[in-house]
Amino acid sequence: RTATYQPEQFPQKRENAESFTKMVKMRTWLKGLVRPSEEAKRKKDASSTGQRENRVDEAYTACTTLLQLSCGNQASPLFRPLGGSWSIIYEGLDRRTGPTSSLVAAALHAAAEFVQGAKAPDLRLQFALLVHTDEAAMSRFVRDVEGAIVCLCKDIGPSTEPLLTEEGLLNQWRSDIEAFRRRCKEIWELYMYFVFLDVKGDWALLRMVSRQLMNLLEVSASSFAANLSLTGPWAQPAQQMLAQGMGQMLLQ
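Just so we're aligned, residue 81 is where the sequence shown starts under my numbering, counting upward by one.
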């Protein structure tokens, strides 16, 4: 007579089979933890690629904004001295041999945000005064751009063009930023003189200085009035400096 298999007749075999099944499931689960699936790898690679592309786009967008404010017919007179540096940095972005560093993208974005303060003609005088008197903000701006230049030149790699080397581009930037500072200082000095003449009541000289400021800022008379309305934070300190005799050398 043929025997019929009943599980309860062989409890040890049944337990061994169940243990083996659990062990296989556990190993499969552990492999999933240790070795990501191909799909997960693809998603990770796609995410990394997307991040790199976003950094490149952000760097180009920021540099384009800086170029528009420094070069061409719509450029701000304050930023024209910086046009050479931004042009070389833009070319450097085209010449890079590796992915754009996140530091480069972040620094260019911060620089573009900073110079937006003088994009509108009515804000030019206020911005020039800020540049000359807020050393902390200017130092941060200069330091961030120099850090971006160092990283960008590493992305570019060895170059036979002097201006695309770290030394050449840093020298260009430092020369341009010095010219930018001089322009803002000149505007600040004329503004100090303007405040002095306003207090003194010398209307003839006041009109002459007003024209000089309007020429430097490249604004109309109505826009110049709007510029002056925003200079309150500098007007009173200027009056105090003049009252204390600290501006005598400036006024001579």
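Every residue, glycine too, gets a C-beta built ideally from N, C-alpha and C.
Going by the CB atoms, is the gap between Ser156 and Arg204 shorter than 8 angstroms? Within the sequence shown, residue 204 is the residue found at index 124, counting from 1. Within the sequence shown, residue 156 is the residue found at index 76, counting from 1. Remark: C-beta atoms of Arg204 and Ser156 approach each other more closely than 8 angstroms.
Looking at the structure shown, is Phe260 part of a helix, part of a strand, or coil, going by DSSP? Residue 260 sits at position 180 when you count from the first residue of the sequence shown. Under the three-state reduction of DSSP, Phe260 is assigned to helix.
Would you report the Cα separation of Leu285 and Val279, rounded to the nearest angstrom? By one-based count along the sequence shown, residue 285 stands at place 205. By one-based count along the sequence shown, residue 279 stands at place 199. Each residue's Cα considered, the two are about 12 angstroms apart.
What number of angstroms, rounded off, separates the C-alpha of Trp283 from the C-alpha of Phe194? Residue mapping note: residue 283 aligns to position 203 of the sequence shown, counting from 1. Residue mapping note: residue 194 aligns to position 114 of the sequence shown, counting from 1. Cα to Cα, the separation comes out at about 35 angstroms.
My guess is that Leu296 and Ile267 are in contact by the Cβ rule of under 8 angstroms, so how many angstroms apart are they, rounded? Residue mapping note: residue 296 aligns to position 216 of the sequence shown, counting from 1. Residue mapping note: residue 267 aligns to position 187 of the sequence shown, counting from 1. Between Ile267 and Leu296 the Cβ distance is about 6 angstroms, and since that is below 8 angstroms, they are a contact.
May I ask which residues mark the beginning and end of the alpha helix (DSSP H) holding Pro201? The count along the sequence shown starts at 1 and reaches residue 201 at position 121. It is not in any alpha helix (DSSP H) - Pro201 carries neither H nor E in the DSSP assignment.
Between Val225 and Leu188, what straight-line distance do the alpha-carbon atoms span, to the nearest angstrom? For the purposes of this step, residue 225 is taken as the residue at position 145 of the sequence shown. For the purposes of this step, residue 188 is taken as the residue at position 108 of the sequence shown. Straight-line Cα distance between these residues: approximately 7 angstroms.
Give a yes or no on whether the C-beta atoms belonging to Ala139 and Leu173 are separated by under 8 angstroms. Residue mapping note: residue 139 aligns to position 59 of the sequence shown, counting from 1. Residue mapping note: residue 173 aligns to position 93 of the sequence shown, counting from 1. Contact flag set, yes.
Between Ala185 and Arg135, which are expected to be in contact by the criterion C-beta below 8 angstroms, what is the C-beta distance as a whole number of angstroms? For the purposes of this step, residue 185 is taken as residue 105 along the sequence shown, with counting starting at 1. For the purposes of this step, residue 135 is taken as residue 55 along the sequence shown, with counting starting at 1. In this structure Ala185 is in contact with Arg135, their Cβ atoms being roughly 4 angstroms apart against a cut-off of 8 angstroms.
Once you ignore the five residues that flank Asp202 on each side, which residues in its own chain have a CB closer than 7 angstroms to its CB? Translated into positions along the sequence shown, residue 202 becomes position 122. Only Ser303, Ala306, Asn307 meet the Cβ criterion.
Verify whether the separation of the beta carbon atoms of Phe274 and Leu293 is less than 8 angstroms. Position 194 of the sequence shown, counted from the first residue, corresponds to residue 274. Position 213 of the sequence shown, counted from the first residue, corresponds to residue 293. When the beta-carbon positions are compared, Phe274 and Leu293 come within less than 8 angstroms of each other.
DSSP three-state call for Asp282: helix, strand or coil? Indexing the sequence shown from 1 puts residue 282 at position 202. In the structure shown, Asp282 falls within a coil segment according to DSSP collapsed to helix, strand and coil.
Proximal residues to Ala192 (C-beta, below 6 angstroms), its chain only, five neighbours per side dropped: In the sequence shown, residue 192 corresponds to position 112, counting from 1. If we look at Ala192 and ignore the five residues flanking it on each side, its Cβ neighbours are Ala142, Thr145, Leu146.
Segment contact, 8 angstroms Cβ cut-off, at least three pairs: the region 160-168 with the region 209-217: The region 160-168 is not in contact with the region 209-217.
Does DSSP put Asn134 in a helix, a strand or coil? Looking up residue 134 in the sequence shown gives position 54. If DSSP states are grouped into helix, strand and coil, Asn134 belongs with the helices.
I'd like to check one pair, Leu249 with Arg175: are the Cβ atoms closer than 8 angstroms? Within the sequence shown, residue 175 is the residue found at index 95, counting from 1. Within the sequence shown, residue 249 is the residue found at index 169, counting from 1. Not in contact: Arg175 and Leu249 (Cβ atoms no closer than 8 angstroms).
Can you give the Cα-Cα distance for Gln252 and Gly281, rounded to whole angstroms? Position 172 of the sequence shown holds residue 252. Position 201 of the sequence shown holds residue 281. Taking C-alpha positions only, Gln252 is separated from Gly281 by approximately 43 angstroms.
Helix or strand or just coil, what does DSSP make of Leu110? If you number the sequence shown from 1, residue 110 lands on position 30. Confidence at Leu110 is low in this model, with a pLDDT of 48, below 50, so its placement is unreliable and no value can be given for it.
Measure the C-alpha to C-alpha separation of Ala259 and Ala323 and round it to an integer number of angstroms. As a first step, residue 259 must be located in the sequence shown, where it is residue number 179. As a first step, residue 323 must be located in the sequence shown, where it is residue number 243. Straight across, the Cα-Cα distance linking Ala259 with Ala323 is about 30 angstroms.
My assumption, with CB atoms under 8 angstroms, is that Cys264 sits in contact with Leu158. Please give the rounded CB distance. In the sequence shown, the residue the question calls residue 264 occupies position 184. In the sequence shown, the residue the question calls residue 158 occupies position 78. By a beta-carbon distance limit of 8 angstroms, Cys264 contacts Leu158. Their separation comes to about 7 angstroms.
Compare the C-alpha of Gly237 against each of Thr177, Ser182, Ser255 and name the closest. Residue numbering aside, residue 237 sits at position 157 when the sequence shown is read from its first letter. Here the closest residue by C-alpha is Thr177.
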